[in-house]
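**Student:**
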Amino acid sequence: MNMLLDGSSFPSHAELNKERKVLGRKNKEIKRGKHFYANHSSFSQTNTDLPEDFCNQVLCGDSEDLLKTLPDNCIDLVFTSPPYNFGLDYEGGEDSENWPLYFEKLFRILDECARVLKHGGRLIVNVQPLFSDYIPSHHIISRHMLDSGMIWKGEILWEKNNYNCKYRMGKLEKSIQSISQIHLGIYRDLLQGVAQNRWPEF
Ligand SMILES: C[S@@+](CC[C@H](N)C(=O)[O-])C[C@H]1O[C@@H](n2cnc3c(N)ncnc32)[C@H](O)[C@@H]1O
Numbered sequence: 030m031n032m033l034l035d036g037s038s039f040p041s042h043a044e045l046n047k048e049r050k051v052l053g054r055k056n057k058e059i060k061r062g063k064h065f066y067a068n069h070s071s072f073s074q075t076n077t078d079l080p081e082d083f084c085n086q087v088l089c090g091d092s093e094d095l096l097k098t099l100p101d102n103c104i105d106l107v108f109t110s111p112p113y114n115f116g117l118d119y120e121g122g123e124d125s126e127n128w129p130l131y132f133e134k135l136f137r138i139l140d141e142c143a144r145v146l147k148h149g150g151r152l153i154v155n156v157q158p159l160f161s162d163y164i165p166s167h168h169i170i171s172r173h174m175l176d177s178g179m180i181w182k183g184e185i186l187w188e189k190n191n192y193n194c195k196y197r198m199g200k201l202e203k204s205i206q207s208i209s210q211i212h213l214g215i216y217r218d219l220l221q222g223v224a225q226n227r228w229p230e231f
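The sequence shown begins at 30 in my numbering and counts up one residue at a time.
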């Protein structure tokens, strides 16, 4: 055990190493069918160079329109922070679209992102669920990208330490006190990573 200054303890590396291990991992992966949902992917494996006109440029406009001007498989990494549909005021829109319309637009853009990604390229989406509307945007987006044949790589929870009362107090206060709901108070934004087609093992 390692001790912290406040007297609490956490397991040492050696103790963690004693945890139950999976035996025959490779065979079990084969049996499960790793990345099974990506088997139907129709992504091309032929990458293209980014056209000269797009190099070192900041392009302004609707992402859906701009992305359509790019060829397939020419981008290594897309990192996007789309509107969350919370009702914030952005230039050019008030960000409170009817949910189905919001996701339709977002998915058209994310599908374009997947199309322009190189084979093995990655798409990172920074998004926040809207608890007050019970909309798990992160899950809905992940589901869509899995259905399109992308491989889910992982997620990062962003602890911002700036909860507003909507998340900690009021209607949710009681449920947050229960262990099963404790996560509602601690995660805000999620960065989700998916890859186009199979990423070389490393
Ligand atoms: C969550 S904010 C991200 C802000 C960004 N990370 C920044 O630091 O400026 C979402 C942004 O997407 C923009 N936006 C909304 N719809 C868009 C679209 N169709 N194409 C491009 N940008 C859009 C909004 O104006 C807003 O600035």
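Positions of the beta carbon are idealized from the N, C-alpha and C atoms, including for glycine.
A quick note: this is a predicted structure, and the numbers were derived from the prediction, not measured.
Are the CB atoms of THR109 and VAL154 nearer to each other than 8 Å?
**Tutor:** Contact flag set, yes.
**Student:** I think GLY222 touches ARG144, with their Cβ atoms under 8 Å apart; what is that distance to the nearest whole Å?
**Tutor:** Between ARG144 and GLY222 the Cβ distance is about 18 Å, and since that is not below 8 Å, they are no contact.
**Student:** Excluding the 5 residues flanking LEU106 on each side, which residues of the same chain have their C-beta closer than 6 Å to its C-beta?
**Tutor:** ARG151, listed in sequence order.
**Student:** Per DSSP, ILE169 is paired with what?
**Tutor:** DSSP, once it has assigned bridges, lists no residue as partnering ILE169.
**Student:** Quick check: LEU139 and HIS173, are their CB atoms within less than 8 Å of each other?
**Tutor:** Result yes, Cβ atoms of LEU139 and HIS173 sit closer than 8 Å.
**Student:** Would you mind stating whether GLN74 and TYR113 have Cβ atoms separated by less than 8 Å?
**Tutor:** Result no, Cβ atoms of GLN74 and TYR113 do not sit closer than 8 Å.
**Student:** Measure the alpha-carbon distance for GLY53 versus ASP35 and round it to whole angstroms.
**Tutor:** Going by the C-alpha atoms only, they are around 41 Å apart.
**Student:** Going by the CB atoms, is the gap between LEU88 and PRO111 shorter than 8 Å?
**Tutor:** Contact: no.
**Student:** Which residues bound the beta strand (DSSP E) around ASN76?
**Tutor:** From DSSP, ASN76 is part of no beta strand (DSSP E); its letter is neither H nor E.
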